[in-house]
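*Asks:* First residue of the sequence shown: 1148, per the numbering used here; consecutive thereafter.
Ideal Cβ placement from N, Cα and C applies to all residues, glycine included.
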Amino acid sequence: MAAENTGAGAYAAAGVDIAAGERAVDLMKRHVARTRRPEQVTDASGFAGLFRLDTAKYRDPVLATSTDGVGTKVMLAQQLDRHDTIGIDLVAMVVDDLVVSGAEPLFMTDYIAAGSVVPERIAEIVGGIAEGCHQAGCALIGGETAEHPGAMDPHEYDLAGAGTGVVEGDAVLGPNRVREGDAVIAMASSGPHSNGYSLIRRIVDEADLDLFAEGPQPGKTLGEALLTPTRVYAADCVALTAEVEVHAYSHVTGGGLAANLARSLPDHVDAHVDRGTWAPGPLFDHLAEKGGVAREDMEATFNMGVGMVAIVAEQDADRALDLLDGRGLAAWRLGSVTAGKGTTVVEGEYRSA
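1. Residue 1331 by DSSP, collapsed to three states: which one?
2. In terms of DSSP beta bridges, what is residue 1305 paired with?
3. Since residue 1411 and residue 1492 should fall inside the 8 angstroms C-beta cutoff, what is the C-beta to C-beta distance between them, to a whole number of angstroms?
4. Under the assumption that residue 1450 contacts residue 1393 (Cβ atoms under 8 angstroms), give the Cβ distance between them as a whole number of angstroms.
5. Using the Cβ count rule (16 or more neighbours within 10 Å means buried), how would you classify residue 1365?
6. Considering only the alpha carbon of each residue, which of 1452, 1287, 1347, 1490 lies closest to residue 1436?
7. Reducing DSSP to helix, strand and coil, say where residue 1462 ends up.
8. Evaluate the contact criterion for the segment 1401-1416 versus the segment 1470-1479: three or more CB pairs, one atom per stretch, below 8 angstroms.
9. So residue 1503 is in the alpha helix (DSSP H); what residue range does that whole segment cover?
10. Out of 1201, 1361, 1250, point me to the one whose CA is closest to residue 1396's CA.
11. Determine the DSSP secondary structure at residue 1202, reduced to helix, strand or coil.
12. By alpha-carbon positions, which one of 1259, 1301, 1283, 1252 ends up nearest to residue 1213?
13. Is it buried or exposed, residue 1374, if we count other Cβ atoms within 10 angstroms and call 16 or more buried?
14. Over the uninterrupted alpha helix (DSSP H) stretch that includes residue 1232, give me the two end residues.
15. Find the nearest neighbour of residue 1427 within the set 1239, 1442, 1278, judged by alpha-carbon distance.
16. Does chain B have any CB closer than 7 angstroms to the CB of residue 1456?
17. I need the straight-line Cα distance from residue 1329 to residue 1342, nearest angstrom please.
18. Just grab the DSSP bridge partners of residue 1480 for me.
19. Quick check on residue 1204: buried or exposed, where buried means 16 or more other Cβ atoms within 10 Å of its Cβ?
20. What's the call for residue 1431, buried or exposed, on a 16-neighbour Cβ count within 10 Å?
21. Go ahead and label residue 1220 buried or exposed: buried means 16 or more other beta carbons lie within 10 angstroms of its beta carbon, across all protein chains shown.
22. Can you check which of these residues, 1233, 1195, 1383, is closest to residue 1305 by C-alpha distance?
23. Is it the case that the Cβ atoms of residue 1231 and residue 1267 are separated by a distance below 7 angstroms?
24. Less than 7 angstroms between the beta carbons of residue 1482 and residue 1417, yes or no?
25. Along the chain, where does the alpha helix (DSSP H) that runs through residue 1376 open and close?
26. If you compare alpha carbons, which of 1499, 1184, 1327, 1323 is closest to residue 1485?
Dropping the structure here:
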């Protein structure tokens, strides 16, 4: 009579490799160490991430939290077998939502589910998450890697994350601070970021585009251009808020510039923005042309070159632009706030690339 499978052997027979999971943890430790902040507290058990909130530093600390994933961009990473940047996308989608409230991101946790745990691949993903946290100035204090054989193919994985930040209670940014006459400042995106990839993948498939051939950006394949990681604005926004009178931010994600900017407006003003102040870039033009996508649909899906918007007091507009330029972030005067009904009015024609 055959011996019954027990313990790790039975689990391995079901498709879960405990040893691979342990090796993945070992490989990712050096990446996580890069993100350590002094407020972290060691939890010897490893079951939770601990972070000491310095309440003496704040008069009225308010915690902010956000959670997100990277959408179907992860499928493109799998198709191209490139896993070292998708974690940056994850961090950006979380921390750049946090700073909209004026909060400084403090720490993140991540969750990776995979059909099969390949330690080196998991370490690459976590390396990207750690790089994103490093750029944002926040700590990666915990996470979970799960193996889901049968639910996902061996090469498939998905990831999600959650972040926590802190802001003074009387410094929370938002629509209530926006005033008629404020300046609207755009911060350049690095590409589509992590939004609109269901449409992008459809365009690639229906137009039979070669991801390994040079795309519209010289020296880059189309696949490389599409995997360009989401820009992390968190540290720039924290620095900007400390130096100028920022009234609101808008993180331009799914739904595009107009819809997301409107979320940061009170119902008695409009934001007038001028397309003539920027060129969306060759990748957006390429996608529109190859997919036969109308401008209206492009603008309702993609950020079109504007990844974050700051609404600042008019007298601080030039100082805001100088500060962002000094940090190496392309930014420009996008428009202004006028009396209205809480909508974004987008006018004019884009500049030629």
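*Replies:* Working from what's here:
1. Here residue 1331 refers to the residue found at position 184 of the sequence shown. Three-state DSSP puts residue 1331 in a strand.
2. Counting from 1 along the sequence shown, the entry for residue 1305 is found at position 158. Paired residue(s): 1260.
3. Within the sequence shown, numbered from 1, the residue matching residue 1411 stands at position 264. Within the sequence shown, numbered from 1, the residue matching residue 1492 stands at position 345. That belief does not hold up - the Cβ atoms of residue 1411 and residue 1492 are roughly 14 angstroms apart, past 8 angstroms.
4. In the sequence shown, residue 1450 corresponds to position 303, counting from 1. In the sequence shown, residue 1393 corresponds to position 246, counting from 1. Not really, about 20 angstroms apart at Cβ, beyond 8 angstroms.
5. Here residue 1365 is taken as the residue at index 218 of the sequence shown, counted from 1. Exposed, because fewer than 16 other Cβ atoms sit within 10 Å of the Cβ of residue 1365.
6. By 1-based counting over the sequence shown, the position of residue 1436 is 289. For the residues 1452, 1287, 1347, 1490, the minimum Cα distance to residue 1436 belongs to 1347.
7. Indexing the sequence shown from 1 puts residue 1462 at position 315. The answer is helix: DSSP assigns residue 1462 an H, G or I state.
8. no
9. Since the first residue shown for the chain is 1148 and the last is 1500, residue 1503 is missing from the structure and cannot be characterised.
10. Taking the sequence shown and counting its residues from 1, one reaches residue 1396 at position 249. Closest by alpha carbon: 1250.
11. As a working mapping, residue 1202 is identified with position 55 in the sequence shown. Helix at residue 1202.
12. Here residue 1213 is taken as the residue at index 66 of the sequence shown, counted from 1. Here the closest residue by C-alpha is 1252.
13. Locating residue 1374 in the sequence shown gives position 227, counting from the first residue. Its Cβ being crowded by 16 or more others within 10 Å, residue 1374 is buried.
14. For the purposes of this step, residue 1232 is taken as the residue at position 85 of the sequence shown. No alpha helix (DSSP H) holds residue 1232; DSSP gives it neither H nor E.
15. Numbered from its first residue, the sequence shown carries residue 1427 at position 280. The shortest Cα separation from residue 1427 among 1239, 1442, 1278 belongs to 1442.
16. In the structure shown, chain B cannot be found, because there is only a single protein chain.
17. Residue numbering aside, residue 1329 sits at position 182 when the sequence shown is read from its first letter. Residue numbering aside, residue 1342 sits at position 195 when the sequence shown is read from its first letter. Looking at the two C-alpha atoms, the distance is approximately 28 angstroms.
18. Residue 1480 sits at position 333 when you count from the first residue of the sequence shown. DSSP, once it has assigned bridges, lists 1332 as partnering residue 1480.
19. Counted from its first residue, the sequence shown places residue 1204 at position 57. Flag for residue 1204 reads exposed.
20. For the purposes of this step, residue 1431 is taken as the residue at position 284 of the sequence shown. Burial call: buried.
21. As a first step, residue 1220 is located in the sequence shown; it is residue number 73 there, counting from the start. Per the 10 Å Cβ criterion, buried.
22. Your numbering for residue 1305 matches position 158 in the sequence shown. Ranking the options by Cα distance to residue 1305, first place goes to 1233.
23. The residue labelled residue 1231 in the question sits at position 84 within the sequence shown. The residue labelled residue 1267 in the question sits at position 120 within the sequence shown. No.
24. On the sequence shown, position 335 is the one that residue 1482 refers to. On the sequence shown, position 270 is the one that residue 1417 refers to. Contact: no.
25. The residue you call residue 1376 lines up with position 229 of the sequence shown. First-last for residue 1376: undefined, no H or E at that position.
26. Position 338 of the sequence shown, counted from the start, is the residue given in the question as residue 1485. Selected option, being the one with the closest Cα: 1327.
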